[in-house]
Each structure stands twice: as C-alpha cells, then as structure tokens.
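Mapping of the sequence shown onto this note's numbering: position 61 corresponds to residue 236, and the numbering continues sequentially without gaps. Think of the CB as a built atom: it goes at the ideal place given N, C-alpha and C, for glycine as much as any other residue. This one's a predicted model, so the numbers in the text were calculated from it and none came from an experiment. Everything on this sheet refers to the single structure shown next.
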Amino acid sequence: MRTFVIGDIHGGLRALEQVMKRAEITTEDTLIFLGDYVDGWSQSPQVIDYLIDLKSKQNCICIKGNHDDLLLSWFRNETEEIDETSWYKHGGEATVLAYQKVSEETIKIHIAFLESLEDYYLDEENRLYIHAGFTNVNGITYEYFPKLFFWDRTLWETALSLDPNLKEGDMFYPKRFTLYKEIFIGHTPVTRIGETVPVQKANVWNVDTGAAFRGPLTILNVETKEFWQSEPLNELYFDEKGRN
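Listed below in structure tokens is the structure:
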C-alpha cells in the first residue's frame, strides 16, 4: 500500500484525473488531499463529486483549505467576515457561477462534505499533513486559533528564510520544525519562488505547485518523494482565466 499527498486543486478536475492516471493510483493506495478543492477553475462542484465518490472506494483523508472554508461560509450565509469582492477575485466567482447549475440536493451533500473536512492529519510516522500551517511552538494541539491551520503562512515563510547552516539543536533553530518528522503543506504556491515542482525547506514539503494559476497539479509519494504532475492548468482550461 502506498501513500500519496495531493496539492491544491482549485476546481481543476481535469488535472486531478490526469495525476491519478499518471501515478497509476489503485484502490489500495491511501490518498491525502491538502485542501483548496474549490475556487479558480470552473469545475469545483465536479471536484467535490469526484472526492466524495473516491472516499467511498478507498482510504482518503481530506483536509480543509481556506477556500473550502470560504465556500462553506457562503453556503451557510455566514458572510459577515468574508470580503466577497476579494473572494470573487481569488476564484470565488467561478465557484459561485458553477453552483448555479447544481441542484439543491447535491449542494446539501457538498455542504456535508465540507463540514467533514479535517483540520490536519498526523500519521503513525509523526508526519503532519496540513493545508497552511500552525503558529504555536508546541504544536497543533496547542494552537489557539484553529483557522490558522488553513490560513497561516508563517510556517512556510520561516522555512524559506531559514539559514541552511543552522542545525537542529541550535538554540536559534525554530522549534516548530522539531516537532514532526515531516510536514506537508499547500496554500502558498511554490510558483511565488519561481518553482513548479514540490519544494522542501527544513522538514517542510510544499506541494502546492500553482494549479490555481499557470502551474500543474502535483501528487507526491510520501515515502519515496517521487511525484507526478498534470499539464499546466491554464492549458487544460485554455478558455478560462482561473485565478490569473
């Protein structure tokens, strides 16, 4: 049995189907999705349909992303804290338009799926899977603000800025990087640093390769670190803008 982690999908069902085929995924494999299933390309409802069906066939762990949380709030009419103009600009408009074609019965099923999403997953090898990060130096169970699990960027920014000559055990080494064997995240696309493949900094693996924009979607084997990618999403959805 293999374990795979999948980066931010952002409504790109075609890319998801590609990486599943290219990695030759079977029902014996465990799949860990890092969140942000929606907002960007036009197939957010179809992505959720796909994941619901997949979960009925094999072991899937689906983690909550910030865009998934925004959509759930919109479904619940809890929009007081949402800047809808900003949300629309960052992919929400495509999702809202897509759901205009979805039945009320299906929307109820999708709401239940969004409500079921995990804040994080910690496996038996002490590997942490989380959409964005955490801020408490004592770890996830001590986090005061759970929304940071899918909004934080300081974990990745700290990993990027860390002096590679600084060794674990040094008094200045960030404690957050000593708590878990490995940390797998999405949320902040590696395209921001000019990359389109998974990037490791310290013990943090960033698997968001920019599928919301002009990058590919990535699926990575947790043990071997071999990965497979889709075609760039702007090529698969050549007649759409995504979040570009």
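Spatial neighbours of G182 in its chain, beta-carbon cut-off 7 Å, leaving aside the 5 residues before and after: The count along the sequence shown starts at 1 and reaches residue 182 at position 7. Its chain contains L209, G361, V382, D383, T384, A386, L392, T393 as the residues whose beta carbon lies nearer than 7 Å to that of G182, once the 5 sequence neighbours on both sides are disregarded; these appear in chain order.
Rounded to whole angstroms, how far is the Cβ of E357 from the Cβ of W380, which I believe are closer than 8 Å? If you number the sequence shown from 1, residue 357 lands on position 182. If you number the sequence shown from 1, residue 380 lands on position 205. Confirmed, Cβ separation roughly 6 Å.
Please check the pair T353 and E343, which I expect to be a contact at CB under 8 Å, by giving their CB distance rounded to whole angstroms. As a position in the sequence shown, residue 353 is number 178, starting the count at 1. As a position in the sequence shown, residue 343 is number 168, starting the count at 1. 6 Å between Cβ atoms; contact.
When the distance is taken between beta carbons, is T178 closer than 7 Å to V374? As a working note, residue 374 is residue 199 in the sequence shown. As a working note, residue 178 is residue 3 in the sequence shown. Result no, Cβ atoms of V374 and T178 do not sit closer than 7 Å.
Within the same chain, show all residues whose beta-carbon is closer than 8 Å to that of E290, passing over the 5 residues directly before and after it, in chain order. Locating residue 290 in the sequence shown gives position 115, counting from the first residue. Around E290: L247.
State yes or no: is the C-beta of Q238 within less than 7 Å of the C-beta of E293? The sequence position of residue 238 within the sequence shown is 63, counting from 1. The sequence position of residue 293 within the sequence shown is 118, counting from 1. Correcting the residue identity first, residue 238 is Ile in this sequence and not Gln. A contact, by the Cβ cut-off of 7 Å.
When you compare each of P407, F388, Q404, T399 to H265 by their alpha carbons, which one comes out closest? Mapped onto the sequence shown, residue 265 falls at position 90. With distances taken between Cα atoms, H265 lies closest to F388.
Start and end residues, alpha helix (DSSP H) containing E280: What you label residue 280 is simply residue 105 of the sequence shown in a count that begins at 1. Residues 279 to 290.
Give the DSSP bridge partners of I358, in chain order. The count along the sequence shown starts at 1 and reaches residue 358 at position 183. In DSSP, I358 forms a bridge with L303, V379.
Cutoff 6 Å; reference A334; Cβ partners in own chain excluding five residues on either side: Numbered from 1 along the sequence shown, position 159 holds the residue referred to as residue 334. Exclusion of the five residues before and after A334 leaves K376, A377, V379 as the residues of its chain whose Cβ lies within less than 6 Å of its Cβ.
I'd like to check one pair, W331 with N241: are the Cβ atoms closer than 7 Å? As a working mapping, residue 241 is identified with position 66 in the sequence shown. As a working mapping, residue 331 is identified with position 156 in the sequence shown. In this structure, W331 does not lie closer than 7 Å to N241 by Cβ.
What does T205 pair with, by DSSP beta-bridge criteria? To locate residue 205, count along the sequence shown from 1; it is residue 30. Beta bridge pairing from DSSP links T205 with T178.
What are the boundary residues of the alpha helix (DSSP H) that includes F325? Position 150 of the sequence shown, counting from 1, holds the residue named residue 325. Boundaries cannot be given for F325, as no alpha helix (DSSP H) includes it and DSSP labels it neither H nor E.
Specify, as a first and last residue, the run of the alpha helix (DSSP H) that T393 falls within. Looking up residue 393 in the sequence shown gives position 218. It is not in any alpha helix (DSSP H) - T393 instead sits in the beta strand (DSSP E) that spans 393 to 396.
Give the single residue among W216, E203, I207 whose Cα lies nearest to the Cα of Y412. Counting from one through the sequence shown, the residue named residue 412 turns up at place 237. Answer by Cα proximity: W216.
For my contact list, Y304 and F359 are in at a C-beta cut-off of 8 Å; report their separation, rounded to the angstrom. To locate residue 304, count along the sequence shown from 1; it is residue 129. To locate residue 359, count along the sequence shown from 1; it is residue 184. At roughly 5 Å, the Cβ-Cβ gap stays under 8 Å, so Y304 and F359 are in contact.
Residues bridged to Y295 (per DSSP): Start at 1 with the first residue of the sequence shown, and residue 295 comes out as number 120. For Y295, the pairing in a beta bridge is given by DSSP as I305.
Just the C-alpha distance for S231 and N340, rounded to the nearest angstrom, thanks. Start at 1 with the first residue of the sequence shown, and residue 231 comes out as number 56. Start at 1 with the first residue of the sequence shown, and residue 340 comes out as number 165. In this structure, the alpha-carbon of S231 lies about 46 Å from that of N340.
Closest to S336 by CA distance: which of N311, F320, I368 is it? Counting from 1 along the sequence shown, the entry for residue 336 is found at position 161. The candidate whose alpha carbon is nearest that of S336 is I368.
For F388, the three-state DSSP class (helix, strand or coil): As a position in the sequence shown, residue 388 is number 213, starting the count at 1. Coil, per DSSP.
Residues in the same chain with beta-carbon distance under 6 Å from N301, minus the five sequence neighbours each way, listed in chain order, please. Taking the first residue of the sequence shown as 1, we reach residue 301 at position 126. Cβ contact annotation for N301 (same chain, cutoff 6 Å, sequence separation greater than five): Y355, K356, in chain order.
Once DSSP output is grouped into helix, strand and coil, what is the label at F402? Looking up residue 402 in the sequence shown gives position 227. Under the three-state reduction of DSSP, F402 is assigned to strand.
Member of N419, V372, T310, V271 whose CA lies at the smallest distance from the CA of S405: In the sequence shown, counting from the first residue as 1, residue 405 sits at position 230. The option with the nearest alpha carbon to S405 is V372.
In angstroms with no decimal places, state the Cα-to-Cα distance between T270 and D345. As a position in the sequence shown, residue 270 is number 95, starting the count at 1. As a position in the sequence shown, residue 345 is number 170, starting the count at 1. Between T270 and D345, the alpha-carbon positions lie close to 46 Å from each other.
Just curious, the beta strand (DSSP E) that I227 is in, first and last residue? For the purposes of this step, residue 227 is taken as residue 52 along the sequence shown, with counting starting at 1. Taken as a continuous stretch (DSSP letters only), I227 belongs to no beta strand (DSSP E), being part of the alpha helix (DSSP H) at 219 to 230.
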